[in-house]
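One structure is given here, and the rest of the page talks about it.
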Amino acid sequence: MATDRTGAPFSAERMAPMTRYRNTWKEMEEMSKPIISIDFDGVIHSYSSGWKGAHVIPDPPVEGAIDALLGYLDAGFEVAIFSSRSKSLLGRWAMKRWLGKEIAKHWEAGGRSPIYDAEVECWGDAAGIYRRFSWPWFKPAAIITIDDRALTFDGDWSEFPPQRFRNFKPWNKRPDYKTMLAPEDRY
Ligand SMILES: [Mg+2]
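Quick note on our numbering: the sequence shown kicks off at 746 and runs consecutively.
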């Protein structure tokens, strides 16, 4: 039986309040909030420099990304940031640090407050906002996924010939991405 440092056992009665509180909170979080899973590179991070390592994040955010992320939090979603960087501890740490800094910069530059129901008083308040996001290292049970290298499956495999994948380019790699062609004209 597990004991504490004095040799007293961790009885069920002793552990119950802590366990009950933790489970209830976890259940509330999981049951009440639908999850949006958002890719990082090319979606939040502009990724114009390409891959430099799981923990190297050199570029600024994609235009509008910070406002969109904060908007999803306000709308009551759990915002899970899930990337190929996520399997690396350093990668998750670097994404959190980068997002905190970018939200703080956004706020300093006159963007919206990162905490909708409280005043942000200092840079640290804004930088710590990354804690309101979730940072899974396995695929989350999301209701929707936002990714720059994904196609929506509509039940028809004939829409996915292999040449479509070979020719696939994410939005920022298309020479004409600023012209915003209709999806059917992009391939
Ligand atoms: Mg990506």
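All residues carry an ideal CB built from backbone N, CA and C; glycine is no exception.
Item to complete: Count the CB pairs spanning the stretch 775-785 and the stretch 826-834 that are closer than 8 Å, and state whether there are at least three.
Response: yes
Discussion item. Less than 8 Å separating the Cβ of residue 787 from some heavy atom of ligand 1?
Written reply: yes
Item to complete: Please find out if some non-hydrogen atom of ligand 1 comes closer than 8 Å to the beta-carbon of residue 881.
Response: no
Fill in: Proximity test, residue 885 beta-carbon vs ligand 1 heavy atom, cut-off 8 Å
no
Practice prompt. Check the C-beta distance from residue 847 over to residue 889 and give it rounded, since I have them as a contact under 8 Å.
Written response: Not quite, the Cβ-Cβ distance comes to about 23 Å (not below 8 Å), so this is no contact.
Discussion item. Shorter than 8 Å, the distance from the beta carbon of residue 804 to the closest heavy atom of ligand 1, or not?
Written reply: no
Worksheet item: Quick one: Cα of residue 840 to Cα of residue 793, how far?
Response: 16 Å
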